[in-house]
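Engineer:
In the UniProt record's numbering, the protein residues as written are 1 to 232.
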């Protein structure tokens with residue numbers, strides 16, 4: 001009767017395979033001959049165990065895998081950081097400057113005009129939402145100083161639908177007040193009611209009163225940054 005080979009035993013004429021799970025390497029030199037005591041004419045080969053990896057080898061292997069994981073995480077973080085920086089990087093304001101005047105900068109996607117930067121939203125929200133969004137951007141809703149700036153705002157918004165600006169009435173008896181605390185002067189006229197919780201929007205060549213909870217786009221405004229201030 002033929003007896004089964006014990007684990008680790010290779011008999012002549014049979015195929016044996018070594019598997020090295022530690023990465024240290026097994027070769028045919030690890031097959032050691034030894035005769036069985038059964039009287040068989042074919043001497044079996046006893047497979048010696050693969051040598052155990054040194055401690056330093058196992059540590060280096062684990063450190064290598066950990067390093068790869070850390071490197072992958074660093075690459076992902078760097079990619080996100082580069083995208084964020086590109087979204088906020090400043091560009092030179094592209095309008096003609098008199099000789100000797102200072103260089104001014106505006107954020108990417110903002111429109112430069114004179115010494116200020118302007119940005120129009122793409123979504124429609126109520127007045128206070130628009131203002132909060134401007135504040136998060138380091139700006140505020142548009143405060144119009146003169147008719148030239150009003151015309152610029154009208155051209156910027158496309159003159160199609162009302163766009164929120166930084167003018168409202170917060171309580172009964174109050175006058176129209178800009179978000180910087182100044183009151184509306186006689187240069188401008190707001191069409192419509194001047195009731196509590198009324199907010200102003202610019203549309204075509206007019207400034208009109210609207211209910212503050214109406215959803216419109218909004219226009220943010222902030223001062224352009226001096227090139228020297230940015231570089232420092």
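Glycine included, every Cβ here is placed at the ideal spot set by N, Cα and C.
A quick note: this is a predicted structure, and the numbers were derived from the prediction, not measured.
According to DSSP, is residue 223 part of a helix, a strand, or is it coil?
Structural biologist: Here the question's residue 223 lines up with position 223 in the chain shown. Residue state, collapsed to three classes: strand.
Engineer: Please go through the UniProt domain "C-type lectin" (113-221) and give each complete alpha helix (DSSP H) segment of 4 or more residues, from N-terminal end onward.
Structural biologist: The qualifying runs are 127-136, 147-157.
Engineer: Relative to the C-alpha of residue 155, which residue among 62, 219, 63, 65 is closest?
Structural biologist: Reading the chain shown from its first residue, position 155 is the one you call residue 155. Nearest option by C-alpha distance: 219.
Engineer: Suppose you measure from the CA of residue 203 to the CA of residue 115; what does that come to, to the nearest Å?
Structural biologist: Locating residue 203 in the chain shown gives position 203, where the first residue counts as 1. Locating residue 115 in the chain shown gives position 115, where the first residue counts as 1. Using only the alpha carbons, I get a separation of about 23 Å.
Engineer: By how many angstroms is the C-alpha of residue 160 removed from the C-alpha of residue 124?
Structural biologist: Position 124 of the chain shown, counted from the start, is the residue given in the question as residue 124. Position 160 of the chain shown, counted from the start, is the residue given in the question as residue 160. About 14 Å.
Engineer: Can you grab the Cα-Cα spacing for the pair residue 194 / residue 135, in whole Å?
Structural biologist: Numbered from 1 along the chain shown, position 194 holds the residue referred to as residue 194. Numbered from 1 along the chain shown, position 135 holds the residue referred to as residue 135. Cα to Cα, the separation comes out at about 25 Å.
Engineer: In the DSSP assignment, what are the bridge partners of residue 111?
Structural biologist: To locate residue 111, count along the chain shown from 1; it is residue 111. Its beta-bridge partners are 118.
Engineer: Can you give me the C-alpha to C-alpha distance between residue 120 and residue 62, rounded to a whole angstrom?
Structural biologist: The count along the chain shown starts at 1 and reaches residue 120 at position 120. The count along the chain shown starts at 1 and reaches residue 62 at position 62. C-alpha separation (whole angstroms): 53 Å.
Engineer: Which same chain residues end up closer than 6 Å to residue 183 when comparing Cβ atoms and leaving out the 5 residues on each side of it in sequence?
Structural biologist: Counted from its first residue, the chain shown places residue 183 at position 183. These residues qualify, in order along the chain: 175, 177.
Engineer: Let me know if residue 157 comes out buried or exposed under the rule of 16 or more other beta-carbons within 10 Å of its beta-carbon.
Structural biologist: Your numbering for residue 157 matches position 157 in the chain shown. Per the 10 Å Cβ criterion, buried.
Engineer: Given residue 225, which residues of its chain have a CB within under 6 Å of its CB, disregarding the five upstream and five downstream residues?
Structural biologist: Stepping through the chain shown from its first residue, residue 225 is reached at position 225. Taken in chain order, the residues that qualify are 105.
Engineer: Checking 8 Å against the spacing of the C-beta atoms, do residue 221 and residue 133 come in under that value?
Structural biologist: Translated into positions along the chain shown, residue 221 becomes position 221. Translated into positions along the chain shown, residue 133 becomes position 133. For residue 221 and residue 133, no; Cβs fall outside 8 Å.
Engineer: Given this structure, state the Cα-to-Cα distance separating residue 78 from residue 144, to the nearest angstrom.
Structural biologist: Counted from its first residue, the chain shown places residue 78 at position 78. Counted from its first residue, the chain shown places residue 144 at position 144. Taking the straight line joining both Cα atoms gives about 41 Å.
Engineer: Should residue 212 go down as buried or exposed, given a rule of 16 or more other Cβ atoms within 10 Å for buried?
Structural biologist: Within the chain shown, numbered from 1, the residue matching residue 212 stands at position 212. Classification for residue 212: buried.
Engineer: If you count every other CB in all the chains shown that lies within 10 Å of the CB of residue 162, and 16 or more means buried, which is it?
Structural biologist: As a first step, residue 162 is located in the chain shown; it is residue number 162 there, counting from the start. By the neighbour-count rule (16 or more Cβ atoms within 10 Å), residue 162 is buried.
Engineer: When the Cα atoms are used, what is the spatial distance from residue 164 to residue 150?
Structural biologist: As a first step, residue 164 must be located in the chain shown, where it is residue number 164. As a first step, residue 150 must be located in the chain shown, where it is residue number 150. Distance between the alpha carbons of residue 164 and residue 150: 13 Å.
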